[in-house]
Amino acid sequence: MGFIKRAFGFISNPSQSRTTGIVAMLILIFAVFLTVVIAQQKQTIKQSAAANSIFTGACYVGNLSSDACTVGGFDSNCNASASGVDGNTCCRNSGFSGCRAASSVRECGFFMVVPQIECYGAPSCTCPTDGNECTTDACVNNACTHTNKSDGTACTDSAWNSGTCKNGACDTTTRGECGSSVNPDLDCWKTPYATDCSTGKCNTTNRTCYAEPKNVNGSCNNGSGQCKSDGTCGSVSLCCPAGYDTNFGSCPFGVTSTECCKWNGFFNYTIVSKIPCGSNQTPATTRTVTTTDTCTPSGGTCMSGSCGSGYTPTTSGTCASGYVCCKQSTAPITITYTCTNTSGQSCMSGSCGSGYTPTTSGTCASGTVCCKASTNPPVVPPVTTTCSVSGNTCTDSSGSKSGSCSENNVNSYSCVNSICQSSTTTCPTEQPCAISSSGIPACGGSTSTTNIALVSALNARDTSLTSDTLPINLILYNLTTNNQVAGAPATVTFNKTSIPGRLYSANVVLTNLTQNKYFIVFRKDNMIAQSVFTISSSSGTFTVPTTTLVFGDLNNDNAIDPLDWNIFKSCWKQPTTTSCSSSDFDNSGGSIDQVDYNTFLRGYSTWYEEGKTNSVF
Amino acid sequence: MPKRTLFLIFALLLITFVLLLVAFYQPQTSKTAPAVTAPKKLTAQTTLSFGIPVTATSASVLTTNYSLPVEILTGGNKVTAVQLELQYDPEVLTNVAVIPGPFFGTTSDVLLNQIDAETGRISYALSVGLTAQGVIGKGTVATVTFSSKVKTPEKTAILFLPKTLVTASGINESVLKQTTNGLFMLGEKPSTPSAQ
Chain A
748 MGFIKRAFGF
758 ISNPSQSRTT
768 GIVAMLILIF
778 AVFLTVVIAQ
788 QKQTIKQSAA
798 ANSIFTGACY
808 VGNLSSDACT
818 VGGFDSNCNA
828 SASGVDGNTC
838 CRNSGFSGCR
848 AASSVRECGF
858 FMVVPQIECY
868 GAPSCTCPTD
878 GNECTTDACV
888 NNACTHTNKS
898 DGTACTDSAW
908 NSGTCKNGAC
918 DTTTRGECGS
928 SVNPDLDCWK
938 TPYATDCSTG
948 KCNTTNRTCY
958 AEPKNVNGSC
968 NNGSGQCKSD
978 GTCGSVSLCC
988 PAGYDTNFGS
998 CPFGVTSTEC
1008 CKWNGFFNYT
1018 IVSKIPCGSN
1028 QTPATTRTVT
1038 TTDTCTPSGG
1048 TCMSGSCGSG
1058 YTPTTSGTCA
1068 SGYVCCKQST
1078 APITITYTCT
1088 NTSGQSCMSG
1098 SCGSGYTPTT
1108 SGTCASGTVC
1118 CKASTNPPVV
1128 PPVTTTCSVS
1138 GNTCTDSSGS
1148 KSGSCSENNV
1158 NSYSCVNSIC
1168 QSSTTTCPTE
1178 QPCAISSSGI
1188 PACGGSTSTT
1198 NIALVSALNA
1208 RDTSLTSDTL
1218 PINLILYNLT
1228 TNNQVAGAPA
1238 TVTFNKTSIP
1248 GRLYSANVVL
1258 TNLTQNKYFI
1268 VFRKDNMIAQ
1278 SVFTISSSSG
1288 TFTVPTTTLV
1298 FGDLNNDNAI
1308 DPLDWNIFKS
1318 CWKQPTTTSC
1328 SSSDFDNSGG
1338 SIDQVDYNTF
1348 LRGYSTWYEE
1358 GKTNSVF
Chain B
2 MPKRTLFLIF
12 ALLLITFVLL
22 LVAFYQPQTS
32 KTAPAVTAPK
42 KLTAQTTLSF
52 GIPVTATSAS
62 VLTTNYSLPV
72 EILTGGNKVT
82 AVQLELQYDP
92 EVLTNVAVIP
102 GPFFGTTSDV
112 LLNQIDAETG
122 RISYALSVGL
132 TAQGVIGKGT
142 VATVTFSSKV
152 KTPEKTAILF
162 LPKTLVTASG
172 INESVLKQTT
182 NGLFMLGEKP
192 STPSAQ
């Protein structure tokens, strides 16, 4: 107080007024100077933050309950980082969640430095379209920017002519590219057609579109298919891995040929999963009798095991393993064609006999000529044909025989020495034998079906199903494409039976499926069952092997494996009233217990056992 | 000095003081440090391979018994279960069996043990105990034992099939990153494996 009184007395003393005034003016000048300096510094910081540090990339999104200024913590992209930018400060608001708006720039403490790159959220501006299909209109750094699209992007110009983008403009000189269909498109003017396996091209002569194959043996349809030489996306052709040769016919151990490769040099065969063929590989499964033998082109026939009746082995050609090259042991029967006695003509060996003259109005088999009677034609007995083939049926003196499919084998008949001779061809697994709509069995399996009736039966394990009916969900997979397919009803009601070993059964009608091998999963809540069946004709009734409903698919991926066990483990001893209720298989309440664990293990084991029985695993 | 002048000086000093306060004022903010955790990618880091087969004692001079460890390296995964789907040549290997290794400890559970001697297919699943934690590290997860009838040196292989998978705590998909098949020379001692 004394100091204040003395200071006031000094100031109020008229003799010191000059000194007091000078001191006051100096204080005022210093204060004004200091205020201006600090204000300028703040303005510099704000301008720096606003002008140079707009970040348009991905920002860290989280609840930052942080201090405003903390050393480190964020990298130059505004992401969380252990070291930060440069050890300076990165300003954040308390309770901050997401990127800040530019208007909420927070000020750092005195003499603290705002990082060069701050996160101010996504830029915004008004950016009207420029009407150019070949530019992208977007706000970048708070400014409207028209960025060129990639060259080749489809576009139409102001006259609606189709073209592709080139340097930000629609180039319609690409006329000749074809539309979204590979069917003839006479104007060749549509959006360039391209699939994983083909490019649409235009025949400039007749203006007709066609598909030019590309990426042969490459993947297509998101990796589920493989490009064929005809430009279509087909099923994946499989080849043996490096170090293995493709199989040559039968495989050991009773496995399918898709898993069989010959291991170079070590032992005859081993089983290894084949992989999609590379660009320089020939699909292993295309190696069939008809494509690999040198017997057929030389006039012989590859026959399974040994030569059939009327044929003798020959070394002039080779066949695939398990087949021998055979040639007819006798001269083929002379068969007349259009030169018949009904028109007064007949085939004569070498040359026409007495009373006959050659004529070109009919054709005969090799070594014979067609002759016509010069005068009264002699009666020529008709050539008796004891064997004939019509469609899928071969008829000889013993009756009629029809071709059929047996597993992956095509059983067909042909006339050999006037007898219906059977032959068998083994199809690749991904192209199983199928009866076409015209009734001819052939490898392929792509023939669609009309109505298929499945007869299914279910058992159940570890559950006390007592109801007379059981609604079951069906999930259907194509084992050739390995994709889920439509065609099965979502839910089918199974009826209780009194047949031992067949607790429930149902007839399921399927439509519009291809003739193929299918894997079906039956689901009732957290119980699942599996089975496999093959559709080998365009219609008919097929029996699905009886399978067992078991518990265990806790993650609903239509399989039981350790991933389900992982879920069960997390529920062990947990109350059944929580999300673990699906692990309470016996609905006993309380907590997940040993009974549930035993049920899971039995389901796990049964699932695998039946999977192997059905040749799925 | 006139009182009016003095009043003016005091008023100016007061204004100066207020301006300085505004200039130096620094708003207070929350004092807690940012608790930012960079999101981590949960990736499959576990590999499975075969160790060196060991020749065991043989009760018969006609057959040789082998013991083949299946090794696991988990990386950062806390592994809780392993399902092995193996393929072998049933014309070369006989009496095939699988036993748990020490990796999961003494509380491990065998979830699945199916061996088809006709097709040469092994389905074997092993896990930590229901109350145990996932395991990080490397070790022998299981051991395959078999006999061989070959008299002359012959190569054979045991392969991992695609259904092989590994689960880990907190991850709802397989964490198996890589498998290495085994190629072995039988009929001579010691058997030497090589990666395939």
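Keeping their order, the protein sequence lines are chains A and B.
Under the numbering used here, the very last position in the first sequence is 1364; numbers go up by exactly one each time.
Under the numbering used here, the very last position in the second sequence is 197; numbers go up by exactly one each time.
C-beta: ideal position from N, C-alpha, C; glycine also.
Model, not experiment: these values are computed from the prediction.
- A/Gly-972 sits in a strand when the DSSP states are folded into three classes.
- Linking A/Ile-1219 to A/Gln-1277 through their CA atoms gives a straight-line distance of about 12 angstroms.
- In summary, B/Ala-12 is exposed, with fewer than 16 beta-carbon neighbours lying within 10 Å of its beta-carbon over all protein chains present.
- Residues of chain B with a Cβ closer than 8 angstroms to the Cβ of A/Tyr-1344 are, in chain order, Leu-131.
- Here the C-alpha atom of A/Gly-1046 lies approximately 9 angstroms from the C-alpha atom of A/Ser-1063.
- Under the three-state reduction of DSSP output, A/Gln-1321 falls in the coil class, being neither helix nor strand.
- Take the alpha-carbon of A/Lys-1264 and the one of A/Gln-1168: they are about 29 angstroms apart.
- Inter-segment contact for the stretch 107-125 of chain B and the stretch 148-156 of chain B is absent: fewer than three beta-carbon pairs are separated by less than 8 angstroms.
- In the DSSP annotation of this structure, B/Gln-179 is not part of any alpha helix (DSSP H); the continuous beta strand (DSSP E) holding it starts and ends at 177-181.
- Excluding the 5 residues flanking it on each side, B/Lys-156 has same chain C-beta neighbours closer than 8 angstroms at Leu-184, Phe-185, Met-186, Leu-187, in chain order.
- Counting C-beta pairs with one atom in each stretch, the stretch 161-180 of chain B and the stretch 79-86 of chain B have three or more that are closer than 8 angstroms, which means they touch.
- One thing to note: A/Leu-1217 has its Cβ no nearer than 8 angstroms to the Cβ of A/Ile-1267.
- Note: B/Gly-140 is bridge-paired with B/Ile-73 in the DSSP secondary-structure output.
- Nearest Cα to B/Val-23 within the set A/Thr-782, A/Ile-774, A/Gly-1102, A/Ile-776: A/Thr-782.
- Separation of the CB atoms of A/Pro-1188 and A/Ser-1145 is rounded to 21 angstroms, and the pair is thereby denied contact status at 8 angstroms.
- For B/Lys-150, no alpha helix (DSSP H) encloses it, and the DSSP letter there is neither H nor E.
- Counting every other CB atom within 10 Å of its CB across the protein chains shown gives A/Val-779 a total below 16, marking it as exposed.
- Annotation: A/Lys-1271 to A/Leu-1296 spans about 8 angstroms, alpha carbon to alpha carbon.
- A Cβ-Cβ separation of about 7 angstroms places B/Thr-144 in contact with B/Val-71 under the 8 angstroms criterion.
- A/Ser-1330 sits in a helix when the DSSP states are folded into three classes.
- A/Gln-763 is the residue among A/Asp-1304, A/Gln-763, A/Asp-877, A/Ala-1235 whose C-alpha sits nearest the C-alpha of B/Pro-3.
- A distance below 7 angstroms between beta-carbons, with the five flanking residues on each side excluded, links A/Ser-1053 to the following residues of its chain, in chain order: Val-1071.
- Ranked by Cα distance from A/Asp-1209, the first of A/Thr-1288, A/Lys-896, A/Phe-1332 is A/Phe-1332.
- The straight-line gap separating the alpha-carbon atoms of A/Cys-917 and A/Thr-892 is approximately 18 angstroms.
- Contact of B/Ala-82 with chain A is assigned, a C-beta pair being separated by under 8 angstroms.
- Among the CB atoms of chain B, one or more fall inside 8 angstroms of the CB of A/Ile-774.
- Minimum Cα-Cα distance from A/Asn-1198 among the listed residues A/Gly-1358, A/Gly-1287, A/Ser-1113 corresponds to A/Gly-1287.
- Distance between A/Leu-1260 and A/Ser-1245, taken at the CA atoms: about 32 angstroms.
- Taking CB atoms only, B/Thr-168 has a neighbour in chain A less than 8 angstroms away.
- It is roughly 13 angstroms from the alpha-carbon of A/Ser-1153 to the alpha-carbon of A/Pro-1175.
- A/Asn-1305 is positioned such that its CB atom lies closer than 8 angstroms to that of A/Ile-1275.
- For the set B/Ile-16, B/Leu-20, B/Ser-50, the Cα lying nearest the Cα of B/Lys-178 is the one of B/Ser-50.
- Taking 8 angstroms as the cut-off, the Cβ atoms of A/Ile-1307 and A/Gly-1350 count as close.
- Under DSSP, A/Ser-1170 forms a beta bridge with A/Ser-1159.
- Residue environment for B/Phe-8: exposed (fewer than 16 other C-beta atoms within 10 angstroms of its C-beta).
- Burial is judged here by how many other beta carbons sit within 10 angstroms of a residue's own beta carbon; B/Ile-10 has at least 16 and is buried.
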